[in-house]
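Since the structure comes first, as C-alpha coordinates, the remarks are kept for the end.
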Amino acid sequence: ACRPKIKASAEAVARIVAKGEPVYGINTGFGKLASVRIPAEDLETLQRNIVLSHAAGVGEPMPVAVCRLMMALKLASLAQGASGVRPQTIELLEAMLANDVIPVVPAQGSVGASGDLAPLSHMTAVMIGVGECFTPHGRFPAKVAFVSHGLEPVTLGAKEGLALLNGTQFSTAYALAALFEAEVLYQSALVAGALSTDAAKGSDAPFDPRIHVLRKHPGQVETADALRNLMAGSAIRESHRVGDERVQDPYCLRC
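Whatever position you read off the sequence shown (first residue = 1), add 1059 for the working numbering.
Dropping the structure here:
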(Lines of atoms letter the chains of each structure in order from A and count residues from 1; the text may use other names and numbers.)
(Lines give C-alpha, C1' and ligand atoms only; values in the text may rest on other atoms or scores of the structure.)
Protein backbone atom coordinates (compact mmCIF):
# COMPACT_ATOMS: atom_id res chain seq x y z
CA ALA A 1 0.00 0.00 0.00
CA CYS A 2 2.92 2.36 0.70
CA ARG A 3 5.01 1.52 -2.36
CA PRO A 4 3.12 3.61 -4.98
CA LYS A 5 3.46 6.78 -2.88
CA ILE A 6 7.11 6.06 -2.14
CA LYS A 7 7.85 5.47 -5.81
CA ALA A 8 5.97 8.60 -6.86
CA SER A 9 7.85 10.85 -4.44
CA ALA A 10 11.21 9.44 -5.54
CA GLU A 11 10.25 10.03 -9.17
CA ALA A 12 9.36 13.64 -8.32
CA VAL A 13 12.89 14.17 -7.01
CA ALA A 14 14.32 12.56 -10.14
CA ARG A 15 12.35 14.98 -12.33
CA ILE A 16 13.69 17.95 -10.39
CA VAL A 17 17.24 16.68 -10.86
CA ALA A 18 16.63 16.17 -14.58
CA LYS A 19 15.27 19.71 -15.03
CA GLY A 20 18.17 21.23 -13.15
CA GLU A 21 15.99 23.72 -11.31
CA PRO A 22 17.41 24.75 -7.92
CA VAL A 23 15.54 23.07 -5.06
CA TYR A 24 16.89 23.24 -1.52
CA GLY A 25 18.35 20.01 -0.25
CA ILE A 26 18.31 18.35 -3.65
CA ASN A 27 20.81 20.30 -5.75
CA THR A 28 21.86 23.12 -3.43
CA GLY A 29 24.00 23.51 -0.37
CA PHE A 30 22.53 23.58 3.12
CA GLY A 31 21.91 26.41 5.56
CA LYS A 32 23.94 29.48 4.61
CA LEU A 33 25.09 27.62 1.50
CA ALA A 34 21.54 27.30 0.16
CA SER A 35 22.40 29.60 -2.75
CA VAL A 36 25.26 27.36 -3.87
CA ARG A 37 24.29 25.14 -6.80
CA ILE A 38 25.55 21.58 -6.78
CA PRO A 39 26.25 19.92 -10.16
CA ALA A 40 24.26 16.79 -10.95
CA GLU A 41 27.39 14.64 -10.90
CA ASP A 42 28.06 15.67 -7.28
CA LEU A 43 24.61 15.06 -5.81
CA GLU A 44 25.42 11.60 -4.45
CA THR A 45 28.58 12.98 -2.84
CA LEU A 46 26.56 15.83 -1.34
CA GLN A 47 24.18 13.40 0.37
CA ARG A 48 27.01 11.20 1.63
CA ASN A 49 28.89 14.20 2.99
CA ILE A 50 25.92 15.62 4.89
CA VAL A 51 25.54 12.29 6.65
CA LEU A 52 29.21 11.93 7.56
CA SER A 53 29.60 15.58 8.60
CA HIS A 54 26.71 15.32 11.04
CA ALA A 55 27.68 11.96 12.54
CA ALA A 56 29.22 13.73 15.51
CA GLY A 57 27.50 12.20 18.52
CA VAL A 58 29.31 11.41 21.76
CA GLY A 59 28.91 9.19 24.79
CA GLU A 60 27.79 5.63 25.29
CA PRO A 61 25.62 3.98 22.60
CA MET A 62 21.89 4.36 22.98
CA PRO A 63 20.19 1.14 24.16
CA VAL A 64 19.61 -1.32 21.34
CA ALA A 65 15.89 -1.53 22.07
CA VAL A 66 15.53 2.25 21.85
CA CYS A 67 17.59 2.34 18.64
CA ARG A 68 15.32 -0.27 17.12
CA LEU A 69 12.36 1.90 18.04
CA MET A 70 14.04 4.91 16.42
CA MET A 71 14.57 2.92 13.22
CA ALA A 72 10.96 1.75 13.21
CA LEU A 73 9.74 5.33 13.64
CA LYS A 74 11.94 6.51 10.78
CA LEU A 75 10.68 3.64 8.65
CA ALA A 76 7.07 4.60 9.40
CA SER A 77 7.80 8.21 8.47
CA LEU A 78 9.48 7.35 5.17
CA ALA A 79 6.74 4.85 4.31
CA GLN A 80 4.29 7.73 3.97
CA GLY A 81 5.92 8.49 0.64
CA ALA A 82 6.43 12.20 1.14
CA SER A 83 10.21 12.34 1.57
CA GLY A 84 11.53 11.54 -1.90
CA VAL A 85 13.43 8.48 -0.67
CA ARG A 86 13.65 5.56 -3.09
CA PRO A 87 12.04 2.20 -2.29
CA GLN A 88 15.39 0.37 -2.18
CA THR A 89 16.72 2.74 0.46
CA ILE A 90 13.67 2.25 2.66
CA GLU A 91 13.85 -1.50 2.09
CA LEU A 92 17.43 -1.55 3.40
CA LEU A 93 16.33 0.07 6.66
CA GLU A 94 13.53 -2.49 6.87
CA ALA A 95 15.97 -5.34 6.22
CA MET A 96 18.32 -4.07 8.93
CA LEU A 97 15.48 -4.24 11.43
CA ALA A 98 14.40 -7.67 10.22
CA ASN A 99 17.96 -9.03 10.56
CA ASP A 100 18.57 -7.30 13.90
CA VAL A 101 21.43 -5.24 12.49
CA ILE A 102 21.23 -2.19 14.74
CA PRO A 103 23.51 0.85 14.30
CA VAL A 104 25.76 1.91 17.14
CA VAL A 105 24.40 5.40 17.82
CA PRO A 106 25.93 7.66 20.51
CA ALA A 107 23.28 8.68 23.01
CA GLN A 108 24.43 12.30 23.30
CA GLY A 109 24.77 15.10 20.80
CA SER A 110 21.29 15.75 19.48
CA VAL A 111 19.97 19.30 19.46
CA GLY A 112 16.46 18.12 18.61
CA ALA A 113 15.15 21.55 17.57
CA SER A 114 15.45 21.10 13.80
CA GLY A 115 15.77 17.35 13.99
CA ASP A 116 17.87 14.71 15.70
CA LEU A 117 20.60 15.26 13.14
CA ALA A 118 23.57 13.62 14.88
CA PRO A 119 21.97 10.34 15.99
CA LEU A 120 20.06 9.90 12.73
CA SER A 121 23.29 10.55 10.84
CA HIS A 122 24.95 7.71 12.74
CA MET A 123 22.01 5.48 11.81
CA THR A 124 22.25 6.52 8.16
CA ALA A 125 26.04 6.14 8.11
CA VAL A 126 25.62 2.43 8.74
CA MET A 127 23.27 2.26 5.75
CA ILE A 128 26.12 3.50 3.54
CA GLY A 129 28.62 1.10 5.11
CA VAL A 130 30.24 3.43 7.64
CA GLY A 131 30.31 2.98 11.40
CA GLU A 132 29.43 -0.01 13.55
CA CYS A 133 26.38 -2.13 14.36
CA PHE A 134 25.13 -4.43 17.03
CA THR A 135 24.06 -7.85 15.75
CA PRO A 136 22.89 -11.03 17.49
CA HIS A 137 26.55 -12.15 17.34
CA GLY A 138 28.17 -9.01 18.72
CA ARG A 139 29.41 -5.59 17.66
CA PHE A 140 30.96 -5.32 14.20
CA PRO A 141 31.93 -2.76 11.56
CA ALA A 142 28.95 -1.99 9.35
CA LYS A 143 30.42 -3.59 6.24
CA VAL A 144 31.25 -6.81 8.09
CA ALA A 145 27.78 -7.02 9.60
CA PHE A 146 26.17 -6.38 6.22
CA VAL A 147 28.15 -9.14 4.51
CA SER A 148 27.28 -11.68 7.21
CA HIS A 149 23.57 -10.87 6.89
CA GLY A 150 23.41 -10.64 3.10
CA LEU A 151 22.88 -6.87 3.05
CA GLU A 152 24.46 -4.29 0.77
CA PRO A 153 25.18 -0.65 1.64
CA VAL A 154 23.18 1.86 -0.36
CA THR A 155 24.51 4.78 -2.37
CA LEU A 156 22.28 7.64 -1.34
CA GLY A 157 20.41 9.40 -4.11
CA ALA A 158 19.42 13.04 -4.33
CA LYS A 159 17.77 14.30 -1.13
CA GLU A 160 17.99 10.92 0.62
CA GLY A 161 20.66 11.85 3.13
CA LEU A 162 18.74 14.96 4.12
CA ALA A 163 15.49 12.99 4.46
CA LEU A 164 17.11 10.31 6.60
CA LEU A 165 18.86 12.59 9.06
CA ASN A 166 16.04 15.10 9.43
CA GLY A 167 13.38 14.10 11.93
CA THR A 168 12.79 13.67 15.64
CA GLN A 169 12.71 9.88 15.73
CA PHE A 170 15.59 9.75 18.25
CA SER A 171 13.78 12.00 20.74
CA THR A 172 10.47 10.29 20.07
CA ALA A 173 12.00 6.85 20.63
CA TYR A 174 13.29 7.88 24.04
CA ALA A 175 9.94 9.46 24.91
CA LEU A 176 8.08 6.29 23.93
CA ALA A 177 10.54 4.09 25.81
CA ALA A 178 9.93 6.22 28.92
CA LEU A 179 6.18 5.96 28.37
CA PHE A 180 6.33 2.17 28.05
CA GLU A 181 8.40 1.95 31.24
CA ALA A 182 6.01 4.30 33.04
CA GLU A 183 3.08 2.10 32.04
CA VAL A 184 4.81 -0.94 33.54
CA LEU A 185 5.61 1.00 36.71
CA TYR A 186 2.02 2.21 36.89
CA GLN A 187 0.69 -1.34 36.76
CA SER A 188 3.23 -2.42 39.38
CA ALA A 189 2.22 0.50 41.61
CA LEU A 190 -1.43 -0.50 41.36
CA VAL A 191 -0.69 -4.03 42.50
CA ALA A 192 1.60 -2.78 45.28
CA GLY A 193 -1.07 -0.31 46.42
CA ALA A 194 -3.81 -2.92 46.48
CA LEU A 195 -1.63 -5.41 48.35
CA SER A 196 -0.53 -2.76 50.85
CA THR A 197 -4.12 -1.72 51.52
CA ASP A 198 -5.14 -5.34 51.97
CA ALA A 199 -2.17 -6.14 54.22
CA ALA A 200 -2.99 -3.16 56.44
CA LYS A 201 -6.60 -4.33 56.57
CA GLY A 202 -7.69 -1.22 54.74
CA SER A 203 -11.01 -0.58 53.03
CA ASP A 204 -11.83 -0.30 49.35
CA ALA A 205 -14.42 2.37 50.16
CA PRO A 206 -12.06 5.27 49.25
CA PHE A 207 -12.01 3.89 45.70
CA ASP A 208 -15.78 4.18 45.25
CA PRO A 209 -16.38 5.49 41.70
CA ARG A 210 -18.96 8.00 42.91
CA ILE A 211 -16.16 9.91 44.62
CA HIS A 212 -13.72 9.98 41.74
CA VAL A 213 -16.06 10.86 38.87
CA LEU A 214 -16.64 14.20 40.63
CA ARG A 215 -13.02 15.16 39.96
CA LYS A 216 -13.46 14.53 36.24
CA HIS A 217 -9.90 13.25 35.85
CA PRO A 218 -9.98 10.10 33.65
CA GLY A 219 -6.70 8.82 35.09
CA GLN A 220 -7.96 9.15 38.64
CA VAL A 221 -11.16 7.28 37.80
CA GLU A 222 -9.20 4.56 36.01
CA THR A 223 -6.80 4.16 38.93
CA ALA A 224 -9.59 3.93 41.50
CA ASP A 225 -11.39 1.34 39.36
CA ALA A 226 -8.22 -0.70 39.02
CA LEU A 227 -7.52 -0.69 42.76
CA ARG A 228 -11.10 -1.64 43.54
CA ASN A 229 -11.01 -4.49 41.02
CA LEU A 230 -7.69 -5.76 42.35
CA MET A 231 -9.12 -5.92 45.87
CA ALA A 232 -12.42 -7.48 44.80
CA GLY A 233 -13.11 -10.80 46.49
CA SER A 234 -10.29 -10.43 49.01
CA ALA A 235 -10.72 -12.72 52.00
CA ILE A 236 -8.70 -10.29 54.10
CA ARG A 237 -11.10 -7.47 53.22
CA GLU A 238 -14.10 -9.59 54.14
CA SER A 239 -12.53 -10.60 57.46
CA HIS A 240 -12.81 -7.06 58.87
CA ARG A 241 -15.76 -5.67 56.95
CA VAL A 242 -17.99 -6.07 60.05
CA GLY A 243 -17.05 -5.14 63.60
CA ASP A 244 -14.03 -3.00 62.76
CA GLU A 245 -13.92 -0.05 65.18
CA ARG A 246 -11.84 2.17 62.89
CA VAL A 247 -13.74 5.05 61.32
CA GLN A 248 -11.41 5.36 58.35
CA ASP A 249 -8.07 4.16 57.03
CA PRO A 250 -4.79 6.05 57.49
CA TYR A 251 -4.28 8.94 55.10
CA CYS A 252 -1.56 7.10 53.17
CA LEU A 253 -4.04 4.37 52.19
CA ARG A 254 -7.14 6.34 51.34
CA CYS A 255 -5.55 9.38 49.68
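All C-beta atoms, glycine included, are put in the ideal place defined by N, C-alpha and C.
Given the structure is predicted, the values throughout are model-derived calculations rather than measurements.
*Alpha carbon of Arg1062 to alpha carbon of Val1280, nearest angstrom*: Arg1062 and Val1280 have their C-alpha atoms spaced approximately 44 Å apart.
_For Gly1140, which residues in the same chain have their Cβ closer than 7 Å to its Cβ, ignoring the five residues on either side in sequence?_
Setting aside the 5 residues that flank it on each side, Gly1140 is surrounded in the same chain by Cys1061, Lys1064, Ile1065, Ala1067 and Ser1068, each with a C-beta closer than 7 Å to its C-beta; the list follows chain order.
_Supposed contact pair Leu1151 and Val1213 - C-beta distance, whole angstroms, cut 8 Å_ = Under the criterion of beta carbons closer than 8 Å, Val1213 and Leu1151 qualify as touching, at roughly 5 Å.
*Integer Cβ distance of Ser1325 from Ser1230, believed to fall under 8 Å*: Beyond the ends of the chain as shown, which are 1060 and 1314, falls residue 1325; an answer cannot be given.
*asked:* For Ala1099 and Gly1079, what's the separation of their Cα atoms in angstroms?
replied: One C-alpha to the other measures close to 8 Å.
_Coarse secondary structure for Gln1106, derived from DSSP in three states_ = The answer is helix: DSSP assigns Gln1106 an H, G or I state.
*asked:* Counting C-beta neighbours from all protein chains within 10 Å, is the total for Thr1183 16 or more, i.e. buried, or is it exposed?
replied: Per the 10 Å Cβ criterion, buried.
*Taking buried to mean at least 16 other C-beta atoms within 10 Å of its own C-beta, is Asn1288 buried or exposed?*
So Asn1288 ends up on the exposed side.
*Check the DSSP bridge columns for Thr1194 and list the partner residues they point to.*
Thr1194 is bridged to Gly1197.
*For the alpha helix (DSSP H) containing Met1246, list its first residue and its last residue.*
In the sequence on display, residue 1246 carries Gln and not Met. That run of the alpha helix (DSSP H) goes Gln1228 to Ala1258.
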